[in-house]
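Numbering (my numbering), first residue to last: 906 to 1136.
Ideal placement from N, C-alpha and C gives every residue a C-beta, glycine not left out.
Every value quoted in this text rests on a predicted model; they were computed, and no experiment measured them.
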Amino acid sequence: MAKVITAKEVAAMVKEGDKILFGTFLCAGAAQDLIDALVEAGTKNLQIVAISTDWDGKGIGKLFNSGQVKRAQISWNGGNKAAQSQYASKELDIEFNPQGSLMERIRAGGAGLGGFLTPTGIGTVIEEQRETLEVDGKKFILEKPIRGDFAFVKAAKADKVGNLTYSKTSRNSNPVMATAADVVIAEVDEIVETGDIDPEDIITPGLFVDYIVKSKKRTHEERIEMIKRPQ
């Protein structure tokens, strides 16, 4: 049975230098209460794995604004000026990954695999940073698995044993992240009795989840301004 605890208790578990997997993409699927508690705790030199660095002052972007991150394994850093500035000044180490390769590396970590071979990135800067192998005369990049000390995932609902179901786009990378960490914490909108979630609706089985945090009620609206390039 997954234990129900507070976000503050979770933040106290995280130590300097720990690697945390976040199931967020531009704040969709971000475990907001866990992130806020981590910012309040002030833990430094964190390693972050996520698709993006989110936005300035929103989602995991708060951790970059507070200077708590020393390394990030991501796919996109286009929306967070703090992370961009820290990367340019070499305060922040970023390993960029093709998004599909990043997700597959995490899946490999969760499955206990030693990695996988992919042609994605051949002929780019990605190839320069990786080991390559030839199979039947074709070159592939060896992508190694990723695991974390913690995974902070956001789900819509959990039952008492930790079975999770997700809402809409928050399902993006959260289920994958939940398989690849030593300790998995699910921030959820609702906690129900075991058996109240239809088995067909369960995406993350409770055996992956160590702790549950009941999230605060909140509404979040993110406006994105699209600027057209002059013709």
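- Counting along the chain, residue 1031 sits inside the alpha helix (DSSP H) bounded by residues 1030 to 1033.
- Listed in chain order, the non-local C-beta contacts of residue 915 below 7 angstroms within the same chain comprise 939, 942, 1090, 1116, 1118, local neighbours out to five positions each way being set aside.
- Exclusion of the five residues before and after residue 1049 leaves 1020 as the residues of its chain whose Cβ lies within less than 6 angstroms of its Cβ.
- Nearest in C-alpha terms to residue 1076, of all of 978, 1107, 974, is 1107.
- Residue 1078 places its beta carbon 9 angstroms or farther from that of residue 936.
- The beta carbon of residue 1015 sits closer than 6 angstroms to the beta carbons of 1084, 1085 from its chain, once the five residues preceding and following it are set aside; these are given in chain order.
- The closest CA to that of residue 1007, considering only 1039, 1046, 969, is found on 1046.
- Residue 994 and residue 979 do not touch by the CB rule: their CB atoms are close to 17 angstroms apart, not below 8 angstroms.
- Separation of the CB atoms of residue 1010 and residue 1051 is rounded to 4 angstroms, and the pair is thereby assigned contact status at 8 angstroms.
- Sequence-distant Cβ neighbours of residue 1032 in its own chain, meaning closer than 7 angstroms and more than five residues away, are 1026, 1046.
- In the three-state DSSP reduction, residue 1042 falls in the coil class, being neither helix nor strand.
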